[in-house]
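> The structure is given below, and queries will be raised subsequently.
2 protein chains.
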Amino acid sequence: MKALIIAAGEGKRIRNLSRDLPKPLIPLLGLSLIERVILSAREAGVREFVVVVGFKGKRIMERLGDGSRYGVKIDYIENPDWRRGNGLSVLKAKGLISGKFLLMMADHVFDPGVLKDLLGRSVDKGGILVIDRKRREHIDVEDATKVRIEGELIRDIGKGLKDYDGIDCGIFLLSEDVFDAIEESIESGDDTLSGGIKVLAKKGRMRWFDIGERFWVDVDNEESFKTAERLLLKSLVKETDGPVSRYLNRPISLRISRYLVNTKVTPNTISWLSFSLSMISGLIYFLGGWASIAIAGLLAQVSSIIDGCDGEVARLKFQVSRYGGWLDSVIDRYADGMIILGMSYASWIIARNYMAWVFGFLALMGSLLNSYTAIKYDQIVKERKVRFRFGRDVRLFVIMLGSLTGLIFFTLIFLSLITNAENIRRLILVRHNT
Amino acid sequence: MKALIIAAGEGKRIRNLSRDLPKPLIPLLGLSLIERVILSAREAGVREFVVVVGFKGKRIMERLGDGSRYGVKIDYIENPDWRRGNGLSVLKAKGLISGKFLLMMADHVFDPGVLKDLLGRSVDKGGILVIDRKRREHIDVEDATKVRIEGELIRDIGKGLKDYDGIDCGIFLLSEDVFDAIEESIESGDDTLSGGIKVLAKKGRMRWFDIGERFWVDVDNEESFKTAERLLLKSLVKETDGPVSRYLNRPISLRISRYLVNTKVTPNTISWLSFSLSMISGLIYFLGGWASIAIAGLLAQVSSIIDGCDGEVARLKFQVSRYGGWLDSVIDRYADGMIILGMSYASWIIARNYMAWVFGFLALMGSLLNSYTAIKYDQIVKERKVRFRFGRDVRLFVIMLGSLTGLIFFTLIFLSLITNAENIRRLILVRHNT
Numbered sequence: 001m002k003a004l005i006i007a008a009g010e011g012k013r014i015r016n017l018s019r020d021l022p023k024p025l026i027p028l029l030g031l032s033l034i035e036r037v038i039l040s041a042r043e044a045g046v047r048e049f050v051v052v053v054g055f056k057g058k059r060i061m062e063r064l065g066d067g068s069r070y071g072v073k074i075d076y077i078e079n080p081d082w083r084r085g086n087g088l089s090v091l092k093a094k095g096l097i098s099g100k101f102l103l104m105m106a107d108h109v110f111d112p113g114v115l116k117d118l119l120g121r122s123v124d125k126g127g128i129l130v131i132d133r134k135r136r137e138h139i140d141v142e143d144a145t146k147v148r149i150e151g152e153l154i155r156d157i158g159k160g161l162k163d164y165d166g167i168d169c170g171i172f173l174l175s176e177d178v179f180d181a182i183e184e185s186i187e188s189g190d191d192t193l194s195g196g197i198k199v200l201a202k203k204g205r206m207r208w209f210d211i212g213e214r215f216w217v218d219v220d221n222e223e224s225f226k227t228a229e230r231l232l233l234k235s236l237v238k239e240t241d242g243p244v245s246r247y248l249n250r251p252i253s254l255r256i257s258r259y260l261v262n263t264k265v266t267p268n269t270i271s272w273l274s275f276s277l278s279m280i281s282g283l284i285y286f287l288g289g290w291a292s293i294a295i296a297g298l299l300a301q302v303s304s305i306i307d308g309c310d311g312e313v314a315r316l317k318f319q320v321s322r323y324g325g326w327l328d329s330v331i332d333r334y335a336d337g338m339i340i341l342g343m344s345y346a347s348w349i350i351a352r353n354y355m356a357w358v359f360g361f362l363a364l365m366g367s368l369l370n371s372y373t374a375i376k377y378d379q380i381v382k383e384r385k386v387r388f389r390f391g392r393d394v395r396l397f398v399i400m401l402g403s404l405t406g407l408i409f410f411t412l413i414f415l416s417l418i419t420n421a422e423n424i425r426r427l428i429l430v431r432h433n434t
Numbered sequence: 001m002k003a004l005i006i007a008a009g010e011g012k013r014i015r016n017l018s019r020d021l022p023k024p025l026i027p028l029l030g031l032s033l034i035e036r037v038i039l040s041a042r043e044a045g046v047r048e049f050v051v052v053v054g055f056k057g058k059r060i061m062e063r064l065g066d067g068s069r070y071g072v073k074i075d076y077i078e079n080p081d082w083r084r085g086n087g088l089s090v091l092k093a094k095g096l097i098s099g100k101f102l103l104m105m106a107d108h109v110f111d112p113g114v115l116k117d118l119l120g121r122s123v124d125k126g127g128i129l130v131i132d133r134k135r136r137e138h139i140d141v142e143d144a145t146k147v148r149i150e151g152e153l154i155r156d157i158g159k160g161l162k163d164y165d166g167i168d169c170g171i172f173l174l175s176e177d178v179f180d181a182i183e184e185s186i187e188s189g190d191d192t193l194s195g196g197i198k199v200l201a202k203k204g205r206m207r208w209f210d211i212g213e214r215f216w217v218d219v220d221n222e223e224s225f226k227t228a229e230r231l232l233l234k235s236l237v238k239e240t241d242g243p244v245s246r247y248l249n250r251p252i253s254l255r256i257s258r259y260l261v262n263t264k265v266t267p268n269t270i271s272w273l274s275f276s277l278s279m280i281s282g283l284i285y286f287l288g289g290w291a292s293i294a295i296a297g298l299l300a301q302v303s304s305i306i307d308g309c310d311g312e313v314a315r316l317k318f319q320v321s322r323y324g325g326w327l328d329s330v331i332d333r334y335a336d337g338m339i340i341l342g343m344s345y346a347s348w349i350i351a352r353n354y355m356a357w358v359f360g361f362l363a364l365m366g367s368l369l370n371s372y373t374a375i376k377y378d379q380i381v382k383e384r385k386v387r388f389r390f391g392r393d394v395r396l397f398v399i400m401l402g403s404l405t406g407l408i409f410f411t412l413i414f415l416s417l418i419t420n421a422e423n424i425r426r427l428i429l430v431r432h433n434t
C-alpha cells in the first residue's frame, strides 16, 4: 500500500521557526516533520510514498531524495497551484495511486501506533478519517476541521460546524473514490480536501476511526510546535517505569535525550556509555573511603539516568531494534553486578566480616532475578493488574542513598531482603494472574 | 471439532500385558493408552470426544467417565458387533458427528505435535490420512496397512499392497463422506475402515499428510508396547539439551521419571525437590573440609539430574503449564546462586583470600546471565544455526568435578571465565542471527 503525503503549503504562521525552510523540513527532536511522518508510516509497514510538493518543493526533494536513506521509495508530484485549496494537491495523485492508500499531512505529528491499527481496516469504497473525540486543551478548535458522526459514518465535515463530535486529525485511509469526490467538490466551488471528504460523507461513504488516547498535533504555529515536542517526549514514558524513574530519572533523561537526538550519537553508544559509568562506579568502590563510596554511589545513579536515554533516542529517531533492546538489558545486568561487587568489597574492607560478601551475593541474586522475573511480571503491569513496580530504578537509587550516607553494609542487607522478597511476591502474583 | 476414537477391539495379542483390562486401558508411562490419545487431542484444541466401545466397554466408560476429569466432554457409542470389521465401529457414529472430525485409534501412541499440524488443514469432502513414508525398524510391515500415493492423493490402501509409498498411521481428518463410503464398502463385502477409505481414494477424495520425523506406534503386542515406551521417552530429549544433559543427566532422569509417572508426584513437587537439594548442597559447602565439599558437589549434580524430571513428568502426563516452566526456571537460578555462594565461602575459608569472593561473584553473574541470554540464544539453537550449548548441565557437572577434586577455588575462576565468555559469544551470535 502506498502513502500520499501533502507537503505543498507555505505555513505562513510558523515563519519564525522555519526561517527559510519549507514547513515540512522544520526539525523537531532529531527529525524534520516530514521525516517523522514517513518513518511513522514505515514502522506501520508502508514502503512506497508519493509526496506532493509546492512551496519550496525543491528543498524537500533534495532533502528526502529517493527515500533509500529511510528504507523506502519516494516519488514526487509538483503542484504549482499550492496557493489554492489542498484538494488540488491530493487530486494531483490521481492515476498514480491504485487501490486503498494512506493520506497524511507533512506537518502533523502523531503517535505512530495509530497507523498500525488504522491500516488493518478494509476500505473498498469511500474511506476512513481518523478523528479525535476528546476535548484537548492544546487544540485550536476555532481553526480545526470538525466532523459530525452518526453510527460509524461521518455525516458532515467543515471548519464552520457548530455541533460536532470530533476533530479531523488529518490522517486518512482512502479508496480512489476520493479523486472523483474532490473533482465534484471543485465543480461546486470548494477546492479543499475537506470539500471532497464532505462529498463522500454525504454519500454515506466516509467512516471514522477514533485516535483515542493517542496524541496528535497539527503543527502550524510556534505554540503547537512546542506542544508537539512536549507530547512526543511525554509519549516516551513507559507504563512499566517505576517510581524513581517516573519522578526523577525520566524527567532528567528526557532533557538529555532532547539534546542527544540532534547529535549523531546512536542508542547503542548510549547503552555502552551507561554501562561504562557503572563499571567505573564498581571500580571506585574498590578504592574504599567515604568519599570514594559516595562518588561511586552518585555515579551509579547517573548511569541509571543515562540508561533511560538509549531507548528514548531510539524511539524518537525510529532506531529501535530488538537486538539493541536485548543488548541493553544484558549489559545492564553486568552493570548491576559490578556495582554490587564493588559495594561488597568496600563493605568487607570496612566491616572485615565475611557476611558483607554473603549479603552482596544475596543482593546480586535478588537484583539479577528481579530482571529475570520482570519479563513475565511486566505483562501483568501492562495489563494494569498491578501498579507498583520495584525495579532497577529503585535499586540504584537505594544504592546511591546508602553510599552517600556511608551505610553500604546496611544497604546490601536491605537490598538482599527487598529484592528477594519482591521476587517471591512476583512468583505469587504471576501465579494468580496466568 | 469433535474427535472419534475407536476403542472397541479385543487386542488378543497383548493379553499378557492387559490381563483382564481392555487394551485401551493398558497403562503406559502414567496414562492408559486411550487417556494419552484423548489428552493428545486436547492439547491440539479438541474438547469433544465420541468413543466407540465394544469389548469390555463398560470398564472403559467407568474409567473415563464424562471426561470432565480431563477437561473434555466424552460421549460413548456401544458397538456389539466389535468382533467384525472396524468400519462398523466408525459407522456407528453416523448422525452423531457433523462437519469435519478427527478419527483416531485408542491403541495408537504418537507425538501429539502431529495433531496440531493436521487440524490446521481444511477438509470439505473426503478426508486426509496421516501416513508414514519412512522405513522404520519397529514397524511390522507384514501386518501394517499400506498406502499408494500419487501427487497429494491416496490412490490405494490395504494390507496386501505390494508396491506402496507409506504406512497408514491410524490418524484421520475426515468429512461425513466417510460414512457413505464405509456403507458402500460393506455392500461390496469389506467391513473394515480401510475398505471405506479405499472407496474415497478411488474417487480421488482422500489426501495424505506425512507424519515426518514424528513417532507413532500401533500397540498390538508386547514388543510394540515396549517400542512405544522407548519412543515416548526419547521424545522428551530436548534439542537444547547440552552435552552433559544428553549423555549423562537425561538417560538417568528418564529412568527416574519412568518410575515417577506412576506415582502422584507432581512436576512442581519435583522442581521444589531439586531446589531443596541445591540449597542443601550450598549449605554443606559452608561446613568446609574435603568430605563436605565433595558431598556438596555430588548433591549439586544430583539436583541437576532431578531437575530434568519435572519437565519430563509434566510432558508425559500432559501437565505442562507455562507457570510451571517459569517457576522452575526462576528457582533453578536461586539453586545456582546458593551452590556458588557455598563454594565461594568454602574457597575463602581455605584460601583466606578475598579473591575467592570476587571470582564467586563473577561466576554467579556469568551463570545467571547464561540463563538470561539463553532465552534468545535457544531460538538460534533450535533453528540449528548453532549446535554447541554451554548451559546449566555443564556448569553443575564442572562444579561436581571441581568439588570432588577439592579444586573449588580453581573451579570458580574457571566458571567466571567460561560463563562470561559464553555470554559474550552469545551477544555476538545473536547479533549476527537477528
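Chains W and V supply the protein sequences, listed in that same order.
Numbering-wise, this note's numbering puts 126 at position 126 of the first sequence, and it's gapless, one number per residue.
Numbering-wise, this note's numbering puts 321 at position 321 of the second sequence, and it's gapless, one number per residue.
Glycine is no exception: its CB is placed at the ideal position from the N, C-alpha and C atoms.
Report the start-end ranges of each alpha helix (DSSP H) in the region 159-201 of chain W that is 4 residues or longer and not cut off at the edges.
Taking only runs of at least 4 residues, the alpha helix (DSSP H) segments lying wholly in the region 159-201 of chain W are 177-187.
> For the region 276-287 of chain W against the region 363-381 of chain W, are there 3 or more C-beta pairs whose distance is under 8 angstroms?
Result no; under three Cβ-Cβ pairs closer than 8 angstroms.
> Taking Cβ-Cβ distances below 9 angstroms as the criterion, which residues of the region 414-434 of chain W are in contact with chain V?
So the close ones are ASN420, ASN423, ARG426, LEU427, VAL430, ARG431 and THR434.
> Give a yes or no on contact between the region 188-208 of chain W and the region 167-180 of chain W, applying the rule of three or more CB pairs nearer than 8 angstroms.
Result yes; three or more Cβ-Cβ pairs closer than 8 angstroms.
> Using 8 angstroms as the limit for Cβ to Cβ distance, is TYR285 of chain W near chain V?
No, because no Cβ of chain V sits closer than 8 angstroms to the Cβ of TYR285 of chain W.
> Just the Cα atoms here: how many angstroms apart are ARG214 of chain V and VAL90 of chain V?
Roughly 26 angstroms separates the two Cα atoms.
> Please identify, using Cβ separations under 8 angstroms, the residues of the region 257-277 of chain V that lie next to chain W, in order along the chain.
Within the region 257-277 of chain V, no residue qualifies.
> According to a CB-to-CB cut-off of less than 8 angstroms, which residues of the region 52-63 of chain V neighbour chain W?
Against chain W - using a Cβ distance shorter than 8 angstroms - the region 52-63 of chain V contributes no residues.
> Indicate whether the contact test is met: 3 or more Cβ pairs, each with one atom in the region 103-114 of chain W and one in the region 23-34 of chain W, closer than 8 angstroms.
Yes, they touch.
> Name the chain W residues whose beta carbon is nearer than 8 angstroms to that of TYR334 of chain V?
Result: MET365 and LEU369.
> Do you know offhand how far PHE414 of chain V's Cα is from PHE225 of chain V's?
Distance between the alpha carbons of PHE414 of chain V and PHE225 of chain V is about 46 angstroms.
> Would you say the beta carbon of ILE306 of chain W comes nearer than 7 angstroms to a heavy atom of the ligand SAH?
Only the bare structure without any ligand can be found here, which leaves the ligand SAH out of the picture.
> With the cut-off set at 8 angstroms, would you say ILE128 of chain W and PHE209 of chain W are in Cβ contact?
A contact, by the Cβ cut-off of 8 angstroms.
> Comparing C-alpha positions only, which one of V:LEU341, V:GLY65, V:ARG431 and V:GLU183 sits nearest to ARG322 of chain W?
It is V:ARG431 whose Cα lies nearest to the Cα of ARG322 of chain W.
> If I'm right that ILE350 of chain V touches PHE409 of chain V with Cβ under 8 angstroms, what's the distance once you round it to whole angstroms?
Going by Cβ atoms, the distance from ILE350 of chain V to PHE409 of chain V rounds to 7 angstroms, so yes, they are a contact pair.
> Output yes if chain V places a C-beta closer than 8 angstroms to the C-beta of VAL330 of chain W; else output no.
Yes - at least one Cβ of chain V is within 8 angstroms of the one on VAL330 of chain W.
> Would LYS382 of chain W count as contacting chain V if we go by Cβ distances under 8 angstroms?
Taking Cβ atoms only, chain V never reaches closer than 8 angstroms to LYS382 of chain W, which makes this a no.
> Does THR373 of chain V get closer than 8 angstroms to chain W when you measure Cβ to Cβ?
It does; some Cβ of chain W falls within 8 angstroms.
> Using the Cα positions of GLU48 of chain W and LEU260 of chain V, report the straight-line distance between them to the nearest angstrom.
Straight-line Cα distance between these residues: approximately 60 angstroms.
> On the DSSP bridge assignment, give the partners of PHE101 of chain V in chain order.
In the DSSP output, where bridge partners are listed per residue, PHE101 of chain V has V:LYS2 and V:LEU174.
> Which ranges would you report for the alpha helix (DSSP H) in the region 25-78 of chain W if only whole runs of at least 4 residues count?
The region 25-78 of chain W contains these whole alpha helix (DSSP H) runs: 33-43 and 57-64.
> Indicate whether the contact test is met: 3 or more Cβ pairs, each with one atom in the region 137-154 of chain V and one in the region 235-247 of chain V, closer than 8 angstroms.
At 8 angstroms Cβ cutoff, the stretches do not touch.
> If we call anything under 8 angstroms between Cβ atoms a contact, is ALA93 of chain V one with ILE60 of chain V?
In this structure, ILE60 of chain V does not lie closer than 8 angstroms to ALA93 of chain V by Cβ.
> Hey, is the region 30-39 of chain V in contact with the region 308-322 of chain V, meaning 3+ C-beta pairs nearer than 8 angstroms?
Contact holds: three or more Cβ-Cβ distances are below 8 angstroms.
> Which one or two residues does DSSP pair with GLY127 of chain W in a beta bridge?
Beta-bridge pairing links GLY127 of chain W to W:LEU174 and W:MET206.
> With respect to the beta strand (DSSP E) encompassing PHE318 of chain W, which residues constitute its N-terminal and C-terminal limits?
No beta strand (DSSP E) holds PHE318 of chain W; DSSP gives it neither H nor E.
> Would you kindly report the start and end of the unbroken alpha helix (DSSP H) that includes GLU222 of chain V?
Note, GLU222 of chain V: alpha helix (DSSP H), 222-234.
> Can you give me the C-alpha to C-alpha distance between ILE14 of chain V and LEU31 of chain V, rounded to a whole angstrom?
Using only the alpha carbons, I get a separation of about 17 angstroms.
> Got a sec? Which residues, its chain only, sit under 6 angstroms from LYS12 of chain V by beta carbon, not counting five neighbours each side?
Closer than 6 angstroms at the Cβ level, and outside the excluded window around LYS12 of chain V, lies no residue.
> Could you please tell me which residues of the region 302-326 of chain W, in chain order, have their CB closer than 9 angstroms to any CB of chain V?
Going along the region 302-326 of chain W in chain order, one finds SER321, ARG322, TYR323 and TRP326 with a Cβ nearer than 9 angstroms to chain V.
> Pull out every residue of the region 348-361 of chain W whose Cβ sits closer than 8 angstroms to any Cβ of chain V, in chain order.
So the close ones are TRP348, TYR354, TRP357, VAL358, GLY360 and PHE361.
> Alpha carbon to alpha carbon, how far is SER281 of chain V from ARG63 of chain V? Give it in angstroms, no decimals.
If you take the alpha carbons of ARG63 of chain V and SER281 of chain V, they lie about 43 angstroms apart.
> Let me check one thing: in DSSP terms, what residues is TRP216 of chain W bridge-paired to?
TRP216 of chain W is bridged to W:PHE110.
> Whose C-beta lies closer than 6 angstroms to the C-beta of THR227 of chain V among residues of the same chain, with five residues either side of it excluded?
HIS138 and VAL217.
> Considering Cα atoms alone, identify which of V:TRP290, V:LEU362 and V:ILE305 is closest to MET338 of chain W.
Looking at the Cα atoms, V:LEU362 is the closest of the given residues.
> In the structure shown, what three-state DSSP assignment does ALA144 of chain V receive?
In this structure, ALA144 of chain V counts as coil in the three-state DSSP scheme.
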